[in-house]
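Participant:
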Amino acid sequence: MESRSEQTAPLIAVARHRLMVDGQGVTTLVAFHGCTLHCQYCLNVECLKPEGLWRTVAPDELLDEVMIDNLYFLATGGGVTFGGGEPAIRSGFIDAFCRMAPSEWHFTIETALNVDRQHLERLLPHIHEYYIDIKDINPDIYRRYTGQDNSRVLDNLQWLLSHDGMADRIIVRLPHIPDFNTDEDVQHSRDYLSSLGVTRFDEFTYQRKNQTT
Ligand code: SF4
């Protein structure tokens, strides 16, 4: 069993009273510092920079704070959304947090899935809904955009989908990425992911780094 200090996690933000933005009902977003990728148009660049670290917390400390919205969560079917950064690499912390939290809370994770399988195994008993930012399934586009290989992402996605009822709990985010993929590339990703059993997609367009709108 990990000690309390080993279970602490670095945060960049905690945002309360989010309504139907990143999970059902009223949610509190817990955003972790650190990521396995380095996306060209990362919207949360503070998660990649040492100076972006806001504070480090223990699971029980965070629970005490988040508990203030317990009645909102219970009334709306909401709960906590884990984001970042890459929250899945904080699976030990999330496991400890969810074990202590009220069982009625709804837990959502926003992940790029480019993590070791052991993290997903630890999260599986707790997470109700997965928002998966797949980037692009073409490995060349993915590498150019994130700096990493995507074979682990597709393996992890297939592993998740192998669990009963999981397709209803997964929303795959399919970005149109200016200068990196085309509409045809996005359609190719969508077709391939549909063939794996993905049914829920969120297609949108990333902003370039130097764009302000
Ligand atoms: S996966 Fe998300 S948090 Fe990580 S670098 Fe890419 S956009 Fe940023």
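Sequential numbering from 46 applies to the sequence shown in my numbering. Each residue gets a CB set at the ideal place from its N, CA and C atoms; glycine is no exception.
On the three-state DSSP scale, how would you describe ARG61?
Facilitator: Note: ARG61 maps to strand in three-state DSSP.
Participant: Ends of the alpha helix (DSSP H) at PHE118?
Facilitator: Per DSSP, PHE118 belongs to the alpha helix (DSSP H) from 115-121.
Participant: Could you spell out the range, first to last residue, of the alpha helix (DSSP H) harbouring THR191?
Facilitator: 184-191 is the span of the alpha helix (DSSP H), which, as asked, contains THR191.
Participant: For ARG235, which residues does DSSP report across the bridge?
Facilitator: Answer is none; ARG235 lacks a bridge partner.
Participant: Pick out the complete beta strand (DSSP E) segments inside the region 131-217, 3 residues or longer, and give them in chain order.
Facilitator: Entirely contained in the region 131-217, the beta strand (DSSP E) runs reaching 3 residues are, in chain order, 151-156 and 174-178.
Participant: So is VAL231 buried or exposed if we call it buried at 16+ other beta carbons inside 10 Å?
Facilitator: VAL231 is buried by the Cβ-count criterion.
Participant: Is PRO220 helix, strand or coil by DSSP?
Facilitator: Strand.
Participant: Is ALA157 close to the ligand ZN? I mean its beta-carbon at under 7 angstroms from any heavy atom of the ligand.
Facilitator: The ligand ZN is absent from the structure shown, which contains only the ligand SF4.
Participant: Could you check the C-alpha separation between GLU149 and ASP185 for me, to the nearest Å?
Facilitator: Those two C-alpha atoms are separated by around 42 angstroms.
Participant: If you draw a straight line from the C-alpha of GLU166 to the C-alpha of THR227, how long is it?
Facilitator: If you take the alpha carbons of GLU166 and THR227, they lie about 34 angstroms apart.
Participant: Please tell me whether, using a cut-off of 7 angstroms, the distance from the CB of ASP67 to the nearest non-hydrogen atom of the ligand SF4 is below it.
Facilitator: ASP67: no, Cβ never under 7 angstroms from the ligand SF4.
Participant: If I measure Cβ to Cβ from SER48 and keep anything under 8 angstroms in the same chain, skipping five residues before and after, which residues do I get?
Facilitator: Confidence is the limiting factor: at SER48 the pLDDT is only 47, short of 50, which leaves the residue's position unreliable, though a coordinate-based value still follows. The answer is none, since no qualifying residue turns up.
Participant: Thinking C-beta only, is ASP67 closer than 8 angstroms to THR126?
Facilitator: Yes, the Cβ-Cβ distance between THR126 and ASP67 is below 8 angstroms.
Participant: When you compare the region 95-112 with the region 238-251, are there three or more beta-carbon pairs, one atom per stretch, that lie closer than 8 angstroms?
Facilitator: The region 95-112, when compared against the region 238-251, does not touch it at the 8 angstroms Cβ threshold.
Participant: Quick one: is SER136 buried, meaning 16 or more other Cβ sit within 10 Å of its Cβ, or exposed?
Facilitator: By the neighbour-count rule (16 or more Cβ atoms within 10 Å), SER136 is buried.
Participant: Are ALA141 and GLN52 close, meaning C-beta to C-beta below 8 angstroms?
Facilitator: Yes, the Cβ-Cβ distance between ALA141 and GLN52 is below 8 angstroms.
Participant: So, are the CB atoms of LEU74 and ALA60 less than 8 angstroms apart?
Facilitator: Yes, they are a contact pair.
Participant: Based on the DSSP output, what are the partners of ARG100 in its beta bridges?
Facilitator: Answer is LEU56.
Participant: Whose C-alpha, out of ASP105, GLY210, TYR187 and HIS208, is nearest the C-alpha of PRO223?
Facilitator: Looking at the Cα atoms, TYR187 is the closest of the given residues.
Participant: Does the ligand SF4 have a heavy atom nearer than 7 angstroms to the CB of THR191?
Facilitator: Yes, the ligand SF4 has a heavy atom inside 7 angstroms of this Cβ.
Participant: Tell me whether ASP178, by its Cβ, gets closer than 7 angstroms to a heavy atom of the ligand SF4.
Facilitator: Yes; taking the cut-off as 7 angstroms, the Cβ of ASP178 has a heavy atom of the ligand SF4 nearer than that.
Participant: Starting from the C-beta of ASP213, find all residues in its chain whose C-beta is less than 8 angstroms away, skip the five residues before and the five after it, and write them out in chain order.
Facilitator: Excluding positions up to five away in sequence, the list reads THR244 and ARG245.
Participant: Counting along the chain, where does the beta strand (DSSP E) carrying THR244 start and finish?
Facilitator: Taken as a continuous stretch (DSSP letters only), THR244 belongs to no beta strand (DSSP E), as it is neither H nor E.
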